[in-house]
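Sequence positions in the sequence shown follow this note's numbering and run -14 to 140. A virtual CB, placed ideally from N, CA and C, is assigned to each residue, including glycine. Predicted model only: the values in this text are computed from it and were never measured. Each remark here refers to the structure printed beneath this line.
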Amino acid sequence: MRLIPLVLACLLPLAILPAHAGDASVESRLDARGIKYEIDGDGDYKVVVSYKAEDRTQLVFVSGASESIQGLVVREVFSPAGKVGADAIAGKALELLNESRTLKIGAWEIAGDVLYFVIKLPDSVDATQLEAAIDIAAETADNKEIELSGDKDAL
C-alpha cells in the first residue's frame, strides 16, 4: 500500500510538464535576434513573418527537435506554401522538382496535404544564420503561395 503514494509522487511531476517542450538552443537563437515565436503542439517554433508593404504574413516553423545522420545534427526550417488538393499541386510536381534543383538552399516537400518549402541545416548555425534561413523560407513559400492561389493569404 505504501508503494502507490510513492509511485504517484514520482509520476506527478511528469503530468505537470508540457506535452512538447522546446529546445533551449533554438529559443536562445530566436531571442538573440528578437524573433517572436510560440511553441506549437508538436514542439516546433512557430514564427509569423510579416510583409507589411504587401499586407501579407507567412508562417515559418523551426523544428523543435533536431535529427542526426552520421554524426551531423540537422534542424529543419519549413514554411507552408499551398494545399495539395486545393492548389492543384500534383500537376506541378515536375515543375517543383526542377525548381528545387535551381535553389541554393532548401527544397519543396509534401507532407500530408501541404506543400512546404524546407531548409535542412546543421544545428550549429548561429542566430543570424537561423534568422536568414527563416527569411528565405518565408519569402520562398509566400511567393509560391501567391503563384498558386493569387491573393489568398492562408498560410
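Between the alpha carbons of E132 and A126 lies a distance of about 10 Å.
Counted as a single uninterrupted DSSP element, the beta strand (DSSP E) harbouring V99 occupies residues V99 to P107. Shown here for D25: same chain residues with a beta carbon closer than 6 Å to its own, the five before and five after excluded, namely K31 in chain order. Approximately 7 Å separates the beta-carbon atoms of D111 and R14; this is inside 8 Å, confirming the contact. Across the set V69, Q55 and A117, the C-alpha of V69 shows the shortest separation from the C-alpha of E94. Between D29 and S51, the CB-CB gap reaches or exceeds 9 Å. A123 sits buried, since 16 or more C-beta atoms from the chains shown fall within 10 Å of its C-beta. Ranking V33, Q43 and V59 by CA distance to the CA of S109 puts V59 first. A Cβ-Cβ separation of about 12 Å leaves E61 out of contact with I90 under the 8 Å criterion. Around the beta carbon of I74, 16 or more other beta carbons lie within 10 angstroms, which makes this residue buried. Taking every protein chain shown into account, the CB of G67 has 16 or more other CB atoms within 10 angstroms, so this residue is buried. Here Y101 is near F63, since their CB atoms are less than 9 Å apart.
Under DSSP, Q55 takes part in no beta bridge, so it has no partner. CA-CA distance, N128 to P65, rounds to 11 Å.
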